[in-house]
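Have a look at the structure below, then the notes.
Residue numbers (full-length UniProt numbering): 1 to 235.
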């Protein structure tokens, strides 16, 4: 492996020891948009390499950099995110996949950081997050959410974007797909059943959305998860 890395280093002038500390620091503050931008800045010279190994090196480094940063700074294991992101890379990675997968990695960690209280959020939005997680089996739109919490839709939309770096619909879809990943790994529910559990009435549409986001189908995600070691979270 070291010989391969040295060859890539010589051929493409690659710094395989990119320091993702800034990405981690930005992300842990809750600024997901800036974290994505920082990753792009660090790796932009390799976008057009069209070399699968190069893409894998940087994406794997990102996965483990965030995992270890949080483990060392907060003594909290984000194993679920690490597990999910590793599975998502069980495919050939092209130039077109590289940035979407990096975004998905950052979003996946962001979601688990929110769940575990690592990222401190606006108390108002915390109530919104809790409602979303309690109703993932239902359609959740901005109009409905604004009525539930009795605020102006435009205000909620702007606040959400400013504080999370994502639109409301993007966040909801991310939470639904995160739930789907958990069910694919931890249960024997069929894909249509998981689709319904996550609020998607049409299993084909769910599979399309999942595949677009994760880069592999729900079935392949479940199959690939079986080759990774099991893990039990400590209380």
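By construction, the Cβ of each residue, glycine as well, lies at the ideal position given by its N, Cα and C atoms.
The structure displayed is predicted, hence computed values, not measured ones.
{"query": "Under the three-state reduction of DSSP, which class applies to residue 78: helix, strand or coil?", "result": "coil"}
{"query": "Chain C beta carbons: is any one of them nearer than 7 Å to that of residue 57?", "result": "No chain C is part of this structure, which consists of one protein chain only."}
{"query": "If we ignore side chains and look at the alpha-carbon of each, how far apart do residue 119 and residue 53 end up?", "result": "32 Å"}
{"query": "Drop a sphere of 10 angstroms on the beta-carbon of residue 164, count the other beta-carbons inside from all chains shown, and report buried for 16 or more, exposed for fewer.", "result": "buried"}
{"query": "Quick check on residue 150: does DSSP put it in helix, strand or coil?", "result": "coil"}
{"query": "Taking just the CA atoms, how far does residue 67 sit from residue 79?", "result": "7 Å"}
{"query": "Rounding to the nearest angstrom, what Cα-Cα distance links residue 47 and residue 75 in this structure?", "result": "34 Å"}
{"query": "Please identify the residue among 202, 197 and 83 whose C-alpha is closest to the C-alpha of residue 60.", "result": "83"}
{"query": "Taking the alpha helix (DSSP H) that residue 172 belongs to, which residues open and close that run?", "result": "168-186"}
{"query": "Determine the contact status of residue 95 and residue 50, defining contact as a CB-CB distance below 7 Å.", "result": "yes"}
{"query": "For the alpha helix (DSSP H) that residue 132 lies in, which residues bound it at each end?", "result": "123-134"}
{"query": "Going by the CB atoms, is the gap between residue 81 and residue 108 shorter than 7 Å?", "result": "yes"}
{"query": "Should residue 169 be labelled buried (16 or more other beta-carbon atoms within 10 Å of its own) or exposed?", "result": "exposed"}
{"query": "Going by DSSP, what residue range makes up the alpha helix (DSSP H) through residue 43?", "result": "32-43"}
{"query": "Taking only three categories from DSSP, how would you classify residue 189?", "result": "coil"}
{"query": "Only counting the same chain, and skipping five residues up and downstream in sequence, which positions put a Cβ closer than 7 Å to that of residue 236?", "result": "Because the chain here runs from 1 to 235, residue 236 falls outside it and cannot be looked at."}
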